[in-house]
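Visitor: Take 0 as the starting number for the first sequence in numbering that gives the first Met the number 0 and just add one per residue. From the three backbone atoms N, C-alpha and C, an ideal C-beta is built for every residue, glycine too.
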Amino acid sequence: MPLSETKADEGLEKNFNFSEAEPRLYQMWEQGGYFAPEPKKTGPKFSIVIPPPNVTGNLHMGHALDVTLQDILTRYHRLKGDDTVWIPGCDHAGIATQAVVERALAAEGLEREKLGREKFVERVWQWKETYGSNIVRQLRRLGASCDWSRERFTLDEGLSKAVREVFVSLYEEGLIYRGERIINWCPHCRTAVSDIEVEHEDRADYLYYLKYPLQNKGEYLTVATARPETIFGDTALAINPNDTRHQVYLGQMAQVPLTSRLVPIIADDYVSMEFGTGCLKVTPAHDPNDFLIGRHHNLPIILAIDQNGLMTNQCGSLAGVEVSKARELTLKLLEDNDFFIKSEPLNHAVGLCYRCRTAVEPLVSKQWFVSSAPLALEASKAVREGRVKLHPASWEKTYFEWLDNIRDWCVSRQLWWGHQIPAWYCQRCAQTVVSREDPTICTSCGGELQRDPDVLDTWFSSALWPFSTLGWPNKTADLERYYPTSVLVTGFDILFFWVARMIMMGLKMTAQEPFLDVVLHPLVRDETGQKMSKSKGNAINPLEVLDRHGADAFRFTLASQAGPTRDLRLNAKRVEGYSKFVNKLWNASRFAFRHLGLEPLLAKSPPSSFPDRWIFSRLSQVIEEINTEIAQYHFDRYCDIIYQFTWYEFCDWYLELIKPILYQESQNEQEATKACLALVLCDLLTIIHPVMPFVTSEIYARLFPSAAPLMLRSFPQSSKYQRDQRALTEAAFLMDLTKAVRQARSDFGVPPAAKLSPIVSLSDPLLAELMIKQAPLLLNLMGAASLRVAEKGESKPKEAAVNILDWGQVWTPLTGHIDAEAERARLTKEALKLEKDIDSAQKKLSNQDYLTKAPEEIVEETREKLVALDKRLQAVKRSQELIGDLT
RNA sequence: GGGCGGUUAACUCAGCGGUUAGAGUGCCAUCCUCACACGGUGGAAGCCGGAGGUUCAAAUCCUCUACCGCCCACCA
0 MPLSETKADE GLEKNFNFSE AEPRLYQMWE QGGYFAPEPK KTGPKFSIVI PPPNVTGNLH
60 MGHALDVTLQ DILTRYHRLK GDDTVWIPGC DHAGIATQAV VERALAAEGL EREKLGREKF
120 VERVWQWKET YGSNIVRQLR RLGASCDWSR ERFTLDEGLS KAVREVFVSL YEEGLIYRGE
180 RIINWCPHCR TAVSDIEVEH EDRADYLYYL KYPLQNKGEY LTVATARPET IFGDTALAIN
240 PNDTRHQVYL GQMAQVPLTS RLVPIIADDY VSMEFGTGCL KVTPAHDPND FLIGRHHNLP
300 IILAIDQNGL MTNQCGSLAG VEVSKARELT LKLLEDNDFF IKSEPLNHAV GLCYRCRTAV
360 EPLVSKQWFV SSAPLALEAS KAVREGRVKL HPASWEKTYF EWLDNIRDWC VSRQLWWGHQ
420 IPAWYCQRCA QTVVSREDPT ICTSCGGELQ RDPDVLDTWF SSALWPFSTL GWPNKTADLE
480 RYYPTSVLVT GFDILFFWVA RMIMMGLKMT AQEPFLDVVL HPLVRDETGQ KMSKSKGNAI
540 NPLEVLDRHG ADAFRFTLAS QAGPTRDLRL NAKRVEGYSK FVNKLWNASR FAFRHLGLEP
600 LLAKSPPSSF PDRWIFSRLS QVIEEINTEI AQYHFDRYCD IIYQFTWYEF CDWYLELIKP
660 ILYQESQNEQ EATKACLALV LCDLLTIIHP VMPFVTSEIY ARLFPSAAPL MLRSFPQSSK
720 YQRDQRALTE AAFLMDLTKA VRQARSDFGV PPAAKLSPIV SLSDPLLAEL MIKQAPLLLN
780 LMGAASLRVA EKGESKPKEA AVNILDWGQV WTPLTGHIDA EAERARLTKE ALKLEKDIDS
840 AQKKLSNQDY LTKAPEEIVE ETREKLVALD KRLQAVKRSQ ELIGDLT
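1) Fully enclosed by the segment 26–61, which beta strand (DSSP E) runs are 3 residues long or longer?
2) To the nearest angstrom, how far is it from the Cα of Leu172 to the Cα of Leu519?
3) Just the C-alpha distance for Leu330 and Arg427, rounded to the nearest angstrom, thanks.
4) When burial is assigned at 16 or more other CB atoms within 10 Å of the CB, is Arg294 buried or exposed?
5) Out of Lys380, Ala253, Arg725 and Met27, state which residue places its alpha-carbon closest to the alpha-carbon of Gly217.
6) Can you tell me where the beta strand (DSSP E) holding Lys210 begins and where it ends?
7) Drop a sphere of 10 angstroms on the beta-carbon of Met781, count the other beta-carbons inside from all chains shown, and report buried for 16 or more, exposed for fewer.
8) Taking just the CA atoms, how far does Lys828 sit from Asp836?
9) From the DSSP output, which residues share a beta bridge with Thr431?
10) Taking contact to mean at least 3 C-beta pairs separated by less than 8 angstroms, is the segment 341–360 in contact with the segment 195–214?
11) Have a look at the DSSP bridge pairing and note the partners of Val454.
12) Trp806 and Leu776 - do their beta-carbons sit closer together than 9 angstroms?
13) Residues in its own chain within less than 8 angstroms of Thr96 by CB, not counting five upstream and five downstream?
14) If Trp401 sits next to Phe491, beta carbons under 8 angstroms apart, how far is it from one beta carbon to the other, in whole angstroms?
15) For the segment 366–381 against the segment 203–216, do three or more pairs of beta-carbon atoms, one drawn from each stretch, fall closer than 8 angstroms, so that the two count as touching?
16) Let me know if Ser3 comes out buried or exposed under the rule of 16 or more other beta-carbons within 10 Å of its beta-carbon.
17) Reducing DSSP to helix, strand and coil, say where Pro256 ends up.
18) Whose C-alpha, out of Thr357, Asn307 and Thr737, is nearest the C-alpha of Leu786?
19) With H, G and I counted as helix, E and B as strand and the rest as coil, what does DSSP make of Thr811?
20) Excluding five sequence neighbours on each side, which residues of the same chain lie with their C-beta closer than 7 angstroms to the C-beta of Thr556?
21) What is the DSSP secondary structure of Asn582, reduced to helix, strand or coil?
22) Please report the residue range of the alpha helix (DSSP H) in which Asp516 lies.
23) Spell out the partners DSSP gives Gly490 in its beta bridges.
24) Of all the alpha helix (DSSP H) runs that stay within the bounds of the segment 533–613, which reach a length of 4 or more residues?
25) Going by DSSP, what residue range makes up the beta strand (DSSP E) through Gly275?
26) With a cut-off of 8 angstroms on the beta carbons, I'd call Asp551 and Asn537 a contact; round off their distance for me.
27) Check whether the Cβ atoms of Lys365 and Glu179 lie closer than 9 angstroms to each other.
28) Counting C-beta neighbours from all protein chains within 10 Å, is the total for Glu479 16 or more, i.e. buried, or is it exposed?
29) Determine the direct distance from the alpha carbon of Gly93 to that of Val694, and round the result to whole angstroms.
30) Whole angstroms is fine: what's the gap from Ala284's alpha carbon to Glu360's?
31) Using the beta-carbon count (16 or more within 10 Å), is Ser148 buried or exposed?
32) When you compare each of Asp763, Ser756 and Asp818 to Pro812 by their alpha carbons, which one comes out closest?
33) By the 10 Å Cβ neighbour count, where 16 or more other Cβ atoms means buried, how is Ile857 classified, buried or exposed?
34) Quick one: grab the DSSP three-state call for Thr153.
35) Tell me, please, which residues DSSP counts as bridged to Tyr219.
36) For the beta strand (DSSP E) that contains Asn667, what are its first and last residues?
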C-alpha cells in the first residue's frame with residue numbers, strides 16, 4: 000500500500016538536523032539530571048575522573064578524543080545499569096594562566112609586581128570566572144555526560160585542603176624537604192621547573208678551547224667548554240684519575256681566566272678522556288654534573304648567573320649582562336686577553352622550557368623537593384603486580400624505566416597563581432614551620448614568621464585529582480563509594496607528568512590504587528603525521544568540525560581510529576564519510592518510522608519469520624562482540640562492528656528482507672515483524688548510543704515521544720535474542736543466491752527494468768523449500784519476475800549465465816543479452832581461481848607432515864574444501880563446454 | 001648512548017600463527033526502484049619495507065637490516 004505524502008511528512012525529516020538537535024538534547028539531559036550517579040543502586044559502580052583541561056584552554060583535538068572515549072565508557076556503563084559517575088573539572092595551570100593574565104595586564108600597562116600579590120591573584124580569579132568556562136562549554140558540545148554538579152577546580156577550597164594535607168604529611172614523614180640543589184630555571188617564566196618539564200633539542204653549537212694558566216708556572220691547561228660565560232662560576236678543573244697525560248697536575252692550582260681566582264685540579268671518574276682535551280672545568284652552580292662533582296669534592300658554589308638571567312657581580316665587567324649576550328662578550332674578553340685558543344662545531348642537546356621553549360638555565364637555588372624514590376617503588380610495584388593495568392601494556396616498560404630511575408621532584412615555583420607552600424620561616428631563630436593550620440608565631444621561639452612566597456607545581460595538585468575531587472581528606476560518601484576510580488583515560492604524553500604521579504600519590508595517601516585501568520590513547524596528528532599546532536597552522540579546530548559535521552560524526556571518527564597505536568592521523572574527509580553513516584542510520588529509522596508509527600509495540604515472543612529470526616541471531620552475536628571489545632578498550636573495533644552491522648546487515652538485508660512482509664503479508668505477520676523491527680531498532684540505537692548519543696537519542700525520542708530518554712534504557716544482553724543457527728545458514732544461502740543473479744545482470748549489462756527469471760539447480764531439499772517460501776522477497780532483491788528450482792535432469796538453458804556455488808548452480812536465462820565472449824571470460828576467470836585454490840589444498844593434503852601435525856579439524860576442513868572446490872570446477876568446465884551452443 | 005613505535009590497496013588504517021589478507025575514503029561502470037544519490041548494485045586495485053630463520057602452516061613468531069617517527073639520557 001503506497002504511503003500518502005502527508006503520512007510521510009509526519010515522520011522524520013529527510014536528514015538529521017544536528018545543529019538544532021544537539022543543544023536541545025544536551026540541555027534536556029543535563030536538566031533532567033541524567034548524568035548524576037545513583038549511589039543507592041546496588042550492583043557494579045563505574046567512576047571516572049576527567050583529565051582536567053587548563054582553565055585557560057580551548058578545546059583541541061586531544062581533548063576531543065579524550066572526552067569522546069570517556070563518554071563512550073561512561074554512557075556504556077550507565078546503559079549497562081552501573082552506578083556511573085564522571086567527574087569533570089579544570090586545572091588552574093599555574094604558569095600558563097599566570098602568563099595569560101600577565102599579558103592582559105601588560106596591555107593595560109600594568110605589571111604584577113606593581114599590582115602586588117593579593118591584587119594580582121584577585122585579577123586571576125576574575126579572569127577565571129569570566130573565561131574559565133569556555134572549555135567547559137566546549138566539552139558539553141561534544142556530548143560529554145559528566146556530572147556537572149560535581150565539577151571541581153584544582154584551586155577549590157576542598158582540593159586546596161587536600162594539597163595542604165599531602166604536603167604537610169609528606170613533610171612530616173621526611174618525604175618533602177627544602178634544599179639547595181641545582182634546578183632548571185626558566186628565565187622567561189622566571190621560575191624553577193622540574194626535570195620532566197625540560198625538553199631537549201639538538202642544536203648546532205661550538206666547543207671552545209680555553210687556556211687555564213697554572214699557578215707559578217708559564218704553563219697552562221687547555222679546557223674545552225660549550226659555555227665559556229660560566230667560567231666565572233668555575234671552582235675546579237677535573238681530569239680522569241687514569242689520565243696519564245694530566246696526572247702530574249693533580250693537586251696543583253690553576254687560574255680561572257678573566258679572574259684572579261685559583262682553583263684546584265682534581266680527579267674524578269666522571270671526566271671522559273676522549274672528549275675535548277680530557278680536562279673539564281667544574282662549575283657546580285650551573286651544570287648538573289658539575290654540581291655532583293662539586294659535592295663529592297666539597298667545592299664551593301659560585302653563582303655566575305642569577306634568577307633574572309643576568310650575570311652576577313662575580314663576573315667582573317659582565318655583571319648585569321643578560322645571559323644570552325654574555326657568551327659573545329666573554330669570548331671577546333678571552334680573545335683580547337689571550338685565553339682563547341680555538342673553537343670547533345659541536346652538536347649537543349639544549350634544555351628548553353616545555354611551556355615557553357626558552358633555553359633553561361641550570362642553577363643552584365633553594366627549592367622544595369619531593370623525595371620520589373620511595374613513592375616510585377610502590378607505584379612501580381602496583382603495575383608490576385597487575386593492580387593497575389596499562390592499555391596498551393606496551394607502555395609498561397617505559398613506565399618502569401622512568402620510575403626506576405626517578406629523581407627528586409622540584410615542586411616549588413616562583414609564581415603567585417597556585418597553592419602557596421604552607422611553610423613559614425622564623426625571622427628570629429630561622430626555624431621552619433610547616434603546618435596544616437596557618438601559624439601565627441614561631442613554635443620554638445615565638446618569633447615573627449614569614450610565609451614562603453612560592454607556590455606548588457601545578458602537577459602536584461593534579462597528582463591528587465582522583466581522590467581530591469571525591470572529597471579527600473574528608474571521609475565523604477563519594478570517596479567511600481567511587482574510589483578507587485574504574486579507569487583513567489588520557490594521552491600517553493602525560494604518562495610521567497600525571498599518570499605515574501597519581502599512582503605514587505594515590506598509593507601513598509590513600510593506600511589504594513587511584514584507578515584500576517589506564518587507557519593511553521594516541522595523539523591526534525594531521526594527515527601527514529605532524530603534531531598539530533597553531534604555529535604550524537596545521538591544527539584542525541574541533542569546534543569547526545562540530546559546526547560542520549555534528550558531534551556524532553566527529554566522535555565516531557575519533558573513536559573509530561582510537562586503536563592501541565600512538566598516532567591518530569585525523570583526516571577531515573573521514574569525518575565527512577562518517578557523517579554519511581549518521582545519515583544512513585537516520586534514514587533507516589525514517590523507513591522504520593513510516594511503518595511503525597508512534598510508540599510501536601516491542602516484540603515479546605520469539606520471532607517466527609525468517610528475517611526476524613536471522614536479525615535476532617546476528618544482534619545477539621553483535622552485542623556479545625561489543626561487550627568484549629569495550630571491556631578491552633578497543634574503541635576502533637567497537638565502531639567497526641556497529642558500522643558493519645548497521646549498514647551491511649540491518650539496512651542492506653534486514654530492511655530489504657522485511658519489505659515484502661510489510662507490504663504484502665497478512666495483518667498478523669505484519670504486526671509480528673513490526674514488533675521485531677521496533678525491538679531491533681531500539682536496541683540498535685542503544686548499542687550505538689555510547690559513540691553517537693545525539694542522533695540515536697533523537698530518533699528514539701521521535702519514535703517514543705512519551706518514553707524516558709534513550710540514555711536511560713538498558714544495554715541489551717546478548718541472551719535477550721535467540722540465536723538460530725539455521726537462520727544464519729539460510730541467510731548465507733539467500734545472500735549467495737541474490738548476489739549471483741545480481742552479478743549476472745551486471746556482467747551482461749541487463750538494464751534494471753528488465754525482469755529476470757533465474758532457475759536454481761540444487762540438491763538440498765530444505766534449501767529448495769526455503770527458496771520457494773522466500774520467493775517474493777528474493778524476486779524483489781534480484782529484480783526478478785519468477786524464480787524456480789530446476790527439474791530433475793533439467794540442464795542449463797542455452798542462453799543463460801551460470802553461477803556455480805558450493806550448494807548448486809544458478810542459471811540466469813538472458814535471451815538477447817548473453818554474450819558468448821563475456822561468458823567465456825567469466826568462466827575462465829572463475830576456473831583459474833578455483834584451480835589455484837584446489838592446487839593449494841592438494842599440496843597441503845599431500846604433505847605427510849601437515850596430515851600428522853596440523854590439528855584434525857583444520858585438516859578435515861581442507862578436505863571438505865577440496866571436495867567442494869572440485870565439484871565447482873567440474874561444473875564450471877561443463878559450462879565452458881556448453882558455451883559453444885550459445886553462438 | 002639507551003628504549004619504544006611504525007612500515008599492509010591511491011590515501012587513512014584494521015588484521016598479529018591456520019579458508020581465497022579486510023574496512024572507510026577515493027577510483028571505474030551502472031541505476032534518481034516507493035528510508036537514504038549523504039543512496040543502490042557490480043567491479044578494479046596489495047610479491048603485507050628488505051634478507052634470513054622457526055613451523056606441517058608466517059602479514060602474523062624470532063634474528064638481522066633499511067627507512068620514518070617518538071621518548072629517555074649528566075661526555076662538558
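Guide: Straight from the coordinates:
1) 44–48, all fully within the segment 26–61.
2) Correcting the residue identity first, residue 172 is Glu in this sequence and not Leu. Straight-line Cα distance between these residues: approximately 33 angstroms.
3) 45 angstroms
4) exposed
5) Ala253
6) Val197 to Pro212
7) buried
8) Pairing Asp836 with Lys828, the inter-Cα distance amounts to about 13 angstroms.
9) Tyr424
10) yes
11) Arg412 and Gln419
12) no
13) Asn53, Val54, Thr55, Val123, Trp126, Lys127 and Trp416
14) Contact flag wrong, Cβ pair sits at about 12 angstroms.
15) With the cut-off at 8 angstroms, the segment 366–381 and the segment 203–216 do not touch.
16) Interpretation of Ser3 is limited by its pLDDT of 35, a score under 50 that renders its predicted location unreliable; the figure taken from the coordinates is listed afterwards. Classification for Ser3: exposed.
17) coil
18) Thr737
19) In the three-state reduction of the DSSP assignment, Thr811 falls in the strand class.
20) Arg573, Val574 and Tyr577
21) helix
22) Asp516 -> not in any alpha helix (DSSP H); beta strand (DSSP E) instead, spanning Phe514 to His520.
23) Looking at the DSSP output, Gly490 sits in a beta bridge with His520.
24) 541–559 and 571–595
25) No beta strand (DSSP E) contains Gly275, which DSSP labels as neither H nor E.
26) Not quite, the Cβ-Cβ distance comes to about 25 angstroms (not below 8 angstroms), so this is no contact.
27) yes
28) exposed
29) Val694 and Gly93 have their alpha carbons spaced roughly 39 angstroms apart.
30) Going by the C-alpha atoms only, they are around 10 angstroms apart.
31) exposed
32) It is Ser756 whose Cα lies nearest to the Cα of Pro812.
33) exposed
34) coil
35) Pro212
36) Note, Asn667: premise wrong, no beta strand (DSSP E); alpha helix (DSSP H) at Gln666 to Ile687.
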